[in-house]
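Below: one structure, written as structure tokens.
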Amino acid sequence: MKQFTLPLIGIWMIITVIVCQKPLHIGIIYDSELGITGETLIKRFNDLYEKIEYYADFPIRNYSLPSPPKLKLTIREFTFGVVCNLVQSDVNVIISLTACNIAQLIESQIIPYGIPYIAIPRPTCSKEIINLSNIRTTTTTLWIQPTPEQTGRAIYEMSELERVSQALLLVDKTNMETDIALDLVLQAEMNDEKFVPYISTQMFSLTNQINPMYPTSNTYDTIDVLLKRFEDMRSNSSSFLLSHIFHIQVRPLDLNQLYKIYQNRYIFRNYYWILPTILTITPNELIRVATTNQFEQVATGFFRQFPILNEEDCLNLNIGENMRLLMSEIFQCNTNNITERELEAVYMILLSSQVTILMKSLSIDFMDIPSIQDCDAPSFQPRPYGQLFYRILISLAELPKWSNLLFYSLETDVQGKSKFLFTGNFSQNGDITLTEYGKFVAKQGLLSGLFPNTFRTFQNKTINVSTSFDPPYIVRGEITKDNELLNAEGLAIDILNEFARRLEFRYRLFLPPDGEYGVKITNTTWNGMVGELLAGKTDIIAAPLTINKERSQDLFFVGPFMEDTLGILLNTPQQNEELFQMFLPFRYDIWLCVIGSIFIAAFLITIFSIISPFSAWNLAIPGATSDEISIYHSIWFTVGGMLMQGQELRAIACSARTVTLLYWLLVLVIQATWQADLTAFLTRNVIQIPVSSLEDLATSGLSLAAIKNSGTVKLIQSATANEYYSIVYEKIMGNPYVLRNLSDGVAYVRNSTKNVLLDDKIQLLHYLPDNEETLTVVDDKKVIIPIGFAVRLGEEYAPLMLSFMSILRERGVIDHLLEKWNVEKIKYTSNTATFNLVTLRNMSGAFIVLSVFIVTSLIVLIIEIKWHKYSLKKEKLHPKSKNSSNGHPSIWRRFTHPTEDIPKPKLDLSRNPTLKQLKYAGHRRASAAFDATVITAENQTESNLE
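So, in structure tokens, the structure goes:
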């Protein structure tokens, strides 16, 4: 009997110790901002109680450590006395799930007792409040929340990453997150950032009821009313660019309200819906709400701080091992059925249990504390080891590893299953890092990568494409009886193939039955390719569709992928072969300057020779004649110099020679320019196009026409506010001829030289044959015609196709294809020239001028003969003495007395050195014209210079 006594006593003692051991008592305080009722909160913790208690020490489980303590959870709604009641109940740790102001009040009540306090507030507290709490040396408060500053920066950074043209902050109450986001926008504008997202705010009301206490107060519309207004604005204005809506609700989210939002099919076809603040509903509840419309892929997401939501999140080694093991054992790494704040409270309970085990291993019994019977007593003993517990808890929590804001976005797979996936990590300093899956989405969807539930590929689906058989867009192909186009080639096909490879689709090409691009027949009806698209018979228009306002109201344009100009097709004018073509190198003003330079240079040479004391005439140099100071001979000299005839120099004075040198330089430049340009002018025939713009057409007498209902007509019609455009449009509309295609248009132009056709330049160039000589195409470069593909408005693949088209242009793919198909080839342009041999007609102007001068010379000769006879007759009537001359006969005497001996000038034998240098300078005839031996002695004297 004694043998069994000792074992039984040992077992009894162990059981007694376990039974009598105090549990870890944790108090949980919640308020009305939690979003769920207290019964629901109590039920969730009761459901998790056994797992929490069993797995609390799982990451540190070791036989050398004490066993985990029992847990006691006390859950209370906040009242002003609830903290005192919990203190009197000997709680070891207090966790609050309240608003920020209540969390601050609880902290102020707990500080004197030294009880560890974990605050998980919503709405969250500012960074300043948390810093003030942490600087206290006696603090035992641990704050678990993203700050409003962090959330506001994340909103701005997401808008910038998404390149949002216009974002809306939809708020129910004033909050710091909105203010921070707007401040960042203002700072970016002041810093002249390259891209600044435009962010606006809009208040909304949860109900339409008027406050009975303030019946005259302003009330805001509910979200469903606002969304209907957005829809109307978007349909009535093409400039309404709203794309991202941030739903910032300070109050708890209402599931009924969310159902109204997510059931609006229009909203999620056009907007991204983001919930940036802490959710008060579970992710699974949000999935059920967001997938009420099973036929739509909803682009929605939310921010959270706790880093584990799905199974794949536990594979992230950046998360602490302690957290990954706990979440794996308790939730199997799937926390979609619990709210984030509840999950954080569960995690803190688990860590608190681990802290007590570690403290107990150090022989510190954290739960063995003195009771406080009356918390209102003037003096009491604070709980010991509160700060030690606080420091160990911070170390185990590894808060820096999950202090960032994580973005989870909804994805729906091909089987229709939806889940939220982690796509972006927003750090506290504003850096954004895409996850591996986010990078995959970004690469496949050509967007930021944050929203996987956007269109990425057609998944090898076969789609119908409408096109037109117009070179160079389609240059060849086979047309079946069903208007299907087979084996097509051309620019549009190459671009379409790029889309097919990137978006993973196959296609069938169809031509419109009526051959039209698309004209609006009624307010809702179109014909041609546009009508086929809007009727759902085709999915894409892959043709050179002109982008205009009327079409943009019913179509989503993918592009433009190129810009064309307005083409003018007209008959080629006759080649210009003017009689005086040889004079065309210089304009009339240049000719006037050349003629003027001849007379000005002659005048200056004459004046300088008369005035200068060193001219041959003034020095009385032997052989000097009055030709030097004769304007007539100076003009003859300059004309000879201009014609490169090598006239002898008559000017002796340096001043006159300076003018002569400058004149020769001018002649050299003129001659070089003349010879170069004359060669070009005489060996080519210039085609002068009579018109080159709409302004020319408006003021011309030509007959204008365009293809009926073409984009060119709509383009000119939309600009009729311009006077010239209005005149051109009236001429086109007043033309009785109806042109249905380019073939009719070309035939119309060939019919008369006064007829002109207006259309896209590229199509006109490629429609004409390469050897066309009778027609020509000119373009008005001021009229730009954007050309692109088109899809239906609201199609999920439309934004992706537009982004991919931009990438093709940026990478030069479009330019390469334009060069491949020779899109910019030129047939004729204004002032095009063809080079030929010089013909007699080209030189006819020179012969005409020669004939004029010959006739003029004959007339002058007749005048000279008449004048000579008149002079002889006059001399017989009035004879003069031979000695009446002063030795220097006038110029006219040489004509009237050609046989009379003219006295020769005296030979000047002056010893003056200056005179000796100038005596025979530049005058070759001076030494040969006179013989010094015939000069009498009395004439051999010094010159008298005055």
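According to mature numbering (1 follows the signal peptide of the UniProt record, and there is no 0), the stretch in the sequence shown is residues -20 to -1, 1 to 926, in order. From the three backbone atoms N, C-alpha and C, an ideal C-beta is built for every residue, glycine too.
Identity of the residues DSSP links to residue i by a beta bridge
{"i": "Y487", "result": "I443"}
{"i": "N551", "result": "L755"}
{"i": "T54", "result": "G7"}
{"i": "I75", "result": "I8 and I98"}
{"i": "R720", "result": "R720 is not bridged to any residue."}
{"i": "T797", "result": "Here residue 797 turns out to be Leu, not Thr, going by the sequence shown. Answer is none; L797 lacks a bridge partner."}
{"i": "R456", "result": "E469"}
{"i": "R284", "result": "L386"}
{"i": "W506", "result": "K500"}
{"i": "E543", "result": "P766"}
{"i": "R772", "result": "L535"}
{"i": "F226", "result": "L149 and I254"}
{"i": "E464", "result": "F490"}
{"i": "L738", "result": "I548 and A686"}
{"i": "D760", "result": "L546"}
{"i": "I521", "result": "S446 and A770"}
Beta-carbon proximity check, residue i vs residue j, cutoff 9 Å
{"i": "I40", "j": "Q334", "result": "yes"}
{"i": "T154", "j": "P128", "result": "no"}
{"i": "I135", "j": "I98", "result": "no"}
{"i": "K688", "j": "L719", "result": "yes"}
{"i": "F536", "j": "L788", "result": "no"}
{"i": "Q229", "j": "T257", "result": "yes"}
{"i": "F400", "j": "I443", "result": "no"}
{"i": "K741", "j": "L546", "result": "yes"}
{"i": "V510", "j": "R531", "result": "yes"}
{"i": "A480", "j": "T447", "result": "no"}
{"i": "T379", "j": "I124", "result": "Here the sequence assigns Leu to residue 379, which means Thr is not the residue at that position. Yes; because the gap between Cβ atoms is below 9 Å, this pair is in contact."}
{"i": "A636", "j": "S589", "result": "yes"}
{"i": "T392", "j": "T271", "result": "yes"}
{"i": "I527", "j": "P766", "result": "yes"}
{"i": "K381", "j": "I473", "result": "no"}
{"i": "F406", "j": "Q167", "result": "no"}
{"i": "L162", "j": "T181", "result": "yes"}
{"i": "D152", "j": "F184", "result": "yes"}
{"i": "E496", "j": "N503", "result": "no"}
{"i": "residue 954", "j": "I696", "result": "Here the chain has residues from -20 to 926 only, and residue 954 is not among them."}
{"i": "D204", "j": "I241", "result": "yes"}
{"i": "F286", "j": "L323", "result": "yes"}
{"i": "P101", "j": "E140", "result": "no"}
{"i": "A685", "j": "I712", "result": "yes"}
{"i": "G470", "j": "P451", "result": "yes"}
{"i": "F521", "j": "V445", "result": "A small correction: the amino acid at residue 521 is Ile; Phe does not occupy that position in the sequence shown. Yes; because the gap between Cβ atoms is below 9 Å, this pair is in contact."}
{"i": "V394", "j": "Q439", "result": "yes"}
{"i": "L773", "j": "Q743", "result": "no"}
{"i": "I86", "j": "T120", "result": "no"}
Nearest-angstrom Cβ-Cβ length linking residue i and residue j, presumed shorter than 8 Å
{"i": "R321", "j": "F784", "result": "That pair is no contact at about 42 Å."}
{"i": "I95", "j": "I115", "result": "Actually they are not in contact, since the Cβ atoms of I95 and I115 sit about 19 Å apart, beyond 8 Å."}
{"i": "Q353", "j": "Q68", "result": "7 Å"}
{"i": "F226", "j": "L149", "result": "5 Å"}
{"i": "F220", "j": "V538", "result": "The Cβ separation is near 20 Å, so there is no contact."}
{"i": "D494", "j": "L514", "result": "Wrong, their Cβ atoms sit about 14 Å apart, outside the cutoff."}
{"i": "N72", "j": "F346", "result": "7 Å"}
CB contact check: residue i to chain D, cutoff 9 Å
{"i": "Y252", "result": "No chain D appears in this structure, which consists of one protein chain only."}
Residue i: CB within 8 Å of a non-hydrogen atom of the ligand HEM
{"i": "I9", "result": "Only the bare structure without any ligand can be found here, which leaves the ligand HEM out of the picture."}
Ordered list of alpha helix (DSSP H) runs contained in the segment 374 to 435, each at least 4 residues: 416 to 425
Cβ contact (3+ pairs, closer than 8 Å) linking the segment 412 to 423 and the segment 455 to 469: no
The segment 71 to 89 in contact with the segment 8 to 18 per 3-pair CB rule at 8 Å: yes
At least three beta-carbon pairs within less than 8 Å, the segment 665 to 684 to the segment 703 to 711: yes
Segment contact flag, the segment 569 to 588 with the segment 632 to 652, C-beta cutoff 8 Å, min 3 pairs: yes
Segment contact, 8 Å Cβ cut-off, at least three pairs: the segment 106 to 115 with the segment 384 to 404: no
Minimum length 4: unbroken alpha helix (DSSP H) runs contained in the segment 124 to 204: 128 to 141 and 156 to 170
Whole runs of the alpha helix (DSSP H) within the segment 691 to 718, excluding any shorter than 4 residues: 691 to 698 and 703 to 713
Beta strand (DSSP E) segments (min. 3 residues) lying fully within the segment 579 to 635: none
Three or more C-beta pairs below 8 Å linking the segment 16 to 34 and the segment 49 to 66: yes
Cβ contact check for the segment 243 to 255 and the segment 362 to 377: 3 or more pairs under 8 Å: no
Sequence ranges, beta strand (DSSP E) only - wholly within the segment 243 to 330, length at least 3: 252 to 255 and 280 to 284
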